[in-house]
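Below is one structure, written out as structure tokens; the observations come after it.
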């Protein structure tokens, strides 16, 4: 694998007081197309907009997937993720791909279709603050994620809120992200060789929302877009960088971490339905259950 030059290393003082060497801090994400697959994005939110475009996906009564031009946020979750990306990559082109309904529920087939749409539209990067613990969906998701890698499209996904093995975060074609108490605009941890390789801020933080326009909440959902924003900066600097090269750069410039990582606990499909009955057969869930204004 060819290595990528990092360029100069500006020192950025994080909110926690430490210095973070991140060589892409002078980038803005300009020209990078980022799809946020979620509950939609508020297009005119003062801290998120503008939105470059998007699509709304829903299951029709006959089981077919319906596409519409309505991609505005219906729950707040997607706007929160988009706001984090916007803060780190202010000039990136954000696209809203809405698959969740108002109750933050969706069929996993919509996720596959959403990724396919993003590939067809020439996205560079896809944020997935969602997942499924149903192993029956793994093959279909892995196939479309493999297609994304083949096309040079990067995927960033949040792990399950309880550390369960989940998809797409635990797929090898995806940059998996877990939550931690991390401070600093460019700060994160990297765990080489692990499926959930990045740790970003996922504790309570102020995020963009619907009404009110900001809330305080936490979760792995909001750790993933921190990494997505940083990857957008990397992609601007290295437009041709493939997945392994981006991983190399993330590893090189991560903040050291001393805490050990425990392995996720696999879960049987039957147990999944029992444990997550609130998710309509545990098909697809956002990686944050509760969002409290």
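In the working numbering, the protein residues as written are 764 to 1056.
Quick reminder that beta carbons are idealized off the backbone N, C-alpha and C, glycines included.
Fair warning: this is a prediction, and the values are worked out from it, not measured in the lab.
query, result
"Residue range of the unbroken alpha helix (DSSP H) whose run includes residue 817", "No alpha helix (DSSP H) holds residue 817; the beta strand (DSSP E) holding it covers 816-822."
"Beta-carbon spacing of residue 1014, residue 955 below 7 angstroms", "yes"
"Cβ-Cβ distance between residue 823 and residue 861 below 7 angstroms", "no"
"Cutoff 6 angstroms; reference residue 962; Cβ partners in own chain excluding five residues on either side", "941, 943 and 952"
"As assigned by DSSP and simplified to three states, the class of residue 973", "coil"
"Own chain, CB closer than 7 angstroms to residue 990, minus 5 neighbours either side, in chain order", "919, 938, 940, 951, 961 and 963"
"Three-state secondary structure (DSSP) of residue 896", "coil"
"Residue range of the beta strand (DSSP E) that includes residue 856", "856-861"
"For residue 805, the first and last residue of its enclosing alpha helix (DSSP H)", "Looking at the DSSP string, residue 805 is not in any alpha helix (DSSP H), and its letter there is neither H nor E."
"Contact set for residue 958: own chain, Cβ-Cβ below 7 angstroms, skip 5 residues either direction", "933 and 939"
"Distance between residue 784 and residue 880 (C-alpha atoms, nearest Å)", "36 angstroms"
"Nearest-angstrom Cα separation, counted from residue 1002 out to residue 1009", "10 angstroms"
"Within 7 angstroms, strictly: CB atoms of residue 996 and residue 792", "yes"
"Separation of residue 853 from residue 889, as counted between CA atoms", "16 angstroms"
"Close-in-space but distant-in-sequence residues of the same chain around residue 936 (CB under 8 angstroms, 5 per side omitted)", "905, 908, 909, 911, 912, 918 and 1006"
"Residue 835 versus residue 863 - alpha carbon distance", "11 angstroms"
"DSSP beta-bridge partners of residue 831", "819"
"Run of the alpha helix (DSSP H) containing residue 997, from where it starts to where it stops", "987-1000"
"Beta-carbon gap between residue 790 and residue 999 smaller than 7 angstroms", "yes"
"Same chain, Cβ closer than 7 angstroms to residue 865, five either side skipped, listed in chain order", "837 and 838"
"Buried/exposed call for residue 885, threshold 16 Cβ in 10 Å", "exposed"
"Between the CA atoms of residue 1018 and residue 986 - distance to the nearest angstrom", "15 angstroms"
"Alpha helix (DSSP H) runs contained entirely in the segment 872-924, provided each spans 4 or more residues", "901-913"
"Beta bridge counterpart(s) of residue 797 as assigned by DSSP", "857 and 888"
"Residue 847: first and last residue of the uninterrupted alpha helix (DSSP H) it sits in", "840-851"
"CB of residue 970 within 7 angstroms of CB of residue 846, strictly", "yes"
"Three-state class that DSSP yields for residue 1009 in the structure shown", "helix"
"Extent of the continuous beta strand (DSSP E) to which residue 961 belongs", "961-964"
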